[in-house]
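A quick write-up on the structure given underneath.
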C-alpha cells in the first residue's frame with residue numbers, strides 16, 4: 271500500500287505542474303486571440319510569425335547560400351525545374367564567370383534592370399569573358415551608356431527554361447526582355463526536356479511521346495568538315511550534329527513547335543507586366559557561312575548542304591511565326607552575321623566549337639541593340655500620383671519627376687502652389703518608375719523656379 275501511495279504521489283507531483291502549465295498556455299492563447307488576433311494566423315506581421323523549417327517553408331539563407339553549391343567543383347548543378355543551373359558565386363575566369371548569387375553570369379543581382387537577356391550558352395557567352403558576350407556588346411551599342419542589362423542564361427537550357435526564367439522576369443522590372451533561341455540544338459533539347467522532365471510533362475500541347483524516333487543514320491552525326499576560306503579564315507563545321515535539330519521530321523517539327531509555344535507564353539507574360547519582348551534566333555555557324563561557301567565554290571558534303579537548306583526553312587518559318595505574336599519584336603541576326611562572314615575577321619573559333627568568338631558576339635549584340643534601343647523609354651517628367659510611396663502612411667500622394675529623380679510633395683497644397691494640377695485625374699506613376707527612380711527628397715516649400723512646370 272505504501273508503495274502504491276508513493277507512486278500516486280509521485281505522479282501527482284509531475285502531473286499537477288504540467289497541467290497547470292498547459293492551462294496557462296491555453297489561457298494565454300485565448301487572451302492573445304481576443305486582445306491581438308493579428309498575431310495568430312496568416313495575418314500576423316512577418317517579423318512576429320513563427321514557422322518551422324520543413325518542406326513547406328525552406329530557410330531562405332540555407333538555400334541562397336547553400337554551402338554544397340558554392341563549394342561544388344561542378345560548373346552546372348542539377349535542378350528539378352531547369353534540369354541544370356550554373357553554380358552560384360563563381361569567380362571570373364577567362365571564358366566563363368563571374369556568377370552572381372543566382373548563378374547567372376553577371377557581377378551581381380540587381381534590384382531592377384532595363385534589359386533582361388534570356389538564352390542558352392550562346393547568350394551566356396562560351397569562349398569569351400563577360401565583357402565579350404552579346405548582352406555586353408548590346409549594352410555598349412545602346413544610345414544610353416547607363417542602361418542596365420542583366421542576363422539569365424546557361425548551357426543546356428532551351429525553350430522550357432526560357433519560359434521558366436521569363437515567369438520570374440517581372441520581379442526585375444525590365445523594360446525589354448530579349449529571348450534568344452538557338453537553331454543548333456534548341457529544337458531537340460526543348461522536346462527532350464518537356465517529355466523527360468516530370469516538372470514539364472503535360473505543359474506543352476506540341477509534345478507527344480507518340481512521336482517516331484529520329485533515323486539511326488542521322489544520330490550517327492557524321493564527320494566534322496574543316497574549311498579554309500580565301501583570306502585565311504578557318505573553322506570546322508559539324509553539320510551532322512546540327513542536323514538533328516533541323517531535319518524534315520515530325521520529331522523535329524514538334525521541337526520547333528515547343529519553341530513557338532514557349533514564345534507565345536513569354537509574350538503573354540511580357541504584355542501583362544508592361545514589358546516589351548524581343549525574340550532572336552541565333553543560327554548555326556554552318557548557316558552563317560553558307561553563302562560564303564557557295565560564293566567561293568567550295569564543294570560541300572551532302573550533310574552540310576542538307577543542313578543549311580533545312581535550317582533556313584525552319585528559321586524562316588519560325589521567325590515569321592514569331593512576328594505574328596501580339597506585342598513581340600523580332601531580330602534578324604542571320605543577316606548581320608552573313609554580312610560579317612563575307613569579310614576576313616573570324617566570327618567563330620578555328621575548331622568545331624559552335625559558339626562565336628568576340629567578333630561574332632559583337633555582331634549579334636549590335637544587331638539586337640538596333641531593335642532594343644528604340645524600345646527603351648527615358649524616365650517621364652512632371653507630376654504623377656503614387657499609391658503607397660515610401661513614407662506616406664498608405665495614402666495617395668503626388669510626386670514630381672525631374673531629371674530622372676523622384677521628389678515627394680509634402681502635400682497637395684505645396685504641389686498646387688508650385689504650379690501643378692492636383693486633381694485626381696493626375697496620371698498614376700507606373701510601378702517600374704516608382705520602384706527604380708532614385709529618391710531626391712521631400713518638397714515642403716514653394717520654389718517654382720526649381721519645382722514648378724518648365725516652359726520647354
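Residue numbers (my numbering): 271 to 726.
Even for Gly, the Cβ is constructed at its ideal location relative to N, Cα and C.
Burial state of residue 389 (16 or more Cβ within 10 Å)
Classification for residue 389: buried.
Looking at the secondary structure, which residues open and close the alpha helix (DSSP H) in which residue 335 lies?
Counting along the chain, no alpha helix (DSSP H) covers residue 335, and no H or E run does either.
Put residue 705 into one of helix, strand or coil per three-state DSSP.
Helix, per DSSP.
What did DSSP end up calling residue 531 once you bin it into helix, strand or coil?
When secondary structure is reduced to three states using DSSP, residue 531 falls in the helix class.
Using the Cα positions of residue 321 and residue 522, report the straight-line distance between them to the nearest angstrom.
Caution applies to residue 321, whose pLDDT of 42 falls short of 50 and renders its modelled position unreliable; the model cannot decide the point.
Nearest candidate by alpha-carbon position, reference residue 407, set 640, 477, 469 and 685:
Among 640, 477, 469 and 685, the Cα nearest to that of residue 407 is on 640.
Assuming residue 417 contacts residue 385 under a Cβ cut-off of 8 Å, what Cβ separation, rounded to an integer in Å, is found between them?
For a cut-off of 8 Å, the C-beta gap from residue 417 to residue 385 is around 7 Å, short enough to register as a contact.
Can we say the stretch 395-413 touches the stretch 362-377, given the rule of at least three CB pairs closer than 8 Å?
Short answer: they touch.
CA-to-CA distance, residue 349 to residue 327, given in whole angstroms
So the two alpha carbons sit approximately 18 Å from each other.
For residue 687, collect the residues of the same chain with a Cβ closer than 7 Å to its Cβ; drop the 5 residues on either side in sequence, then sort them by chain order.
Result list for residue 687: 716, in chain order.
Below 8 Å on the Cβ atoms is my guess for residue 527 versus residue 476; work out the distance and round it to an integer in Å.
Contact between residue 527 and residue 476 holds: their C-beta atoms lie close to 4 Å from each other, under 8 Å.
If you draw a straight line from the alpha carbon of residue 653 to that of residue 694, how long is it in whole angstroms?
Cα to Cα, residue 653 sits roughly 12 Å from residue 694.
Could you tell me whether the Cβ atoms of residue 541 and residue 642 are closer together than 8 Å?
No, the pair does not count as a contact, with Cβ atoms beyond the cut-off.
Please look up how many angstroms separate the CB atoms of residue 560 and residue 578, rounded, as I've assumed it's under 8 Å.
Right, their Cβ atoms sit about 4 Å apart.
List the residues that DSSP assigns as beta-bridge partners of residue 505.
Paired residues: 497.
Can you find at least 3 beta carbon pairs, one from the stretch 615-635 and one from the stretch 580-594, that sit closer than 8 Å?
Taking a contact to require three or more Cβ pairs closer than 8 Å, the stretch 615-635 and the stretch 580-594 do not qualify as touching.
Going by DSSP in three states, residue 620 sits in which element: helix, strand or coil?
Annotated three-state conformation of residue 620 is coil, per DSSP.
What residue range does the beta strand (DSSP E) around residue 469 cover?
Boundaries cannot be given for residue 469, as no beta strand (DSSP E) includes it and DSSP labels it neither H nor E.
Is the Cβ-Cβ distance between residue 509 and residue 573 less than 8 Å?
A contact, by the Cβ cut-off of 8 Å.
Please state whether the Cβ-Cβ distance between residue 442 and residue 705 is less than 8 Å.
Their beta carbons are not under 8 Å apart, which means residue 442 does not touch residue 705 by this criterion.
Alpha carbon to alpha carbon, what distance is there between residue 551 and residue 608?
Rounded to whole angstroms, residue 608 to residue 551 spans 14 Å at the Cα level.
Which class does residue 349 belong to by DSSP, given the choice of helix, strand or coil?
If DSSP states are grouped into helix, strand and coil, residue 349 belongs with the strands.
With 16 as the cutoff for other CB atoms within 10 Å, does residue 461 come out buried or exposed?
Residue 461 is buried by the Cβ-count criterion.
Assuming contact is defined by CB atoms lying nearer than 8 Å, are residue 554 and residue 472 in contact in what I supplied?
No, Cβ-Cβ distance for residue 554 and residue 472 is not below 8 Å.
Let's see if you can read the secondary structure: which residues bound the alpha helix (DSSP H) around residue 684?
Counting along the chain, the alpha helix (DSSP H) containing residue 684 begins and ends at 682-687.
Grab the span of the beta strand (DSSP E) containing residue 546 for me, first residue to last.
The continuous beta strand (DSSP E) containing residue 546 extends over residues 546-552.
For residue 422, which beta-bridge partners are listed by DSSP?
Answer is 388.
Residue 353 and residue 425: beta carbons closer than 8 Å?
No. Outside cutoff.
From residue 597 to residue 405, what distance separates their C-alpha atoms?
As the crow flies, the alpha-carbon of residue 597 is around 22 Å from that of residue 405.
When you compare only the Cα positions, how much space is there between residue 507 and residue 496?
Cα-Cα distance, rounded: 6 Å.
Excluding the five sequence neighbours on either side, which residues of its own chain have a C-beta within less than 6 Å of the C-beta of residue 452, listed in chain order?
Leaving aside the five residues that flank residue 452 on each side, the residues in its chain whose CB is nearer than 6 Å to its CB run, in chain order, 390, 392 and 552.
Between the beta-carbon of residue 545 and the beta-carbon of residue 445, is there less than 8 Å?
Yes.
The alpha helix (DSSP H) enclosing residue 598, as first and last residue numbers
No alpha helix (DSSP H) contains residue 598, which is instead part of the beta strand (DSSP E) from 598-601.
With distances taken from CA atoms, which of 650, 651 and 533 is nearest residue 595?
That would be 533, whose Cα lies nearest to the Cα of residue 595.
Quick one: grab the DSSP three-state call for residue 408.
Reduced to three states, the DSSP call for residue 408 is helix.
Specify, as a first and last residue, the run of the alpha helix (DSSP H) that residue 679 falls within.
Taken as a continuous stretch (DSSP letters only), residue 679 belongs to no alpha helix (DSSP H), being part of the beta strand (DSSP E) at 675-679.
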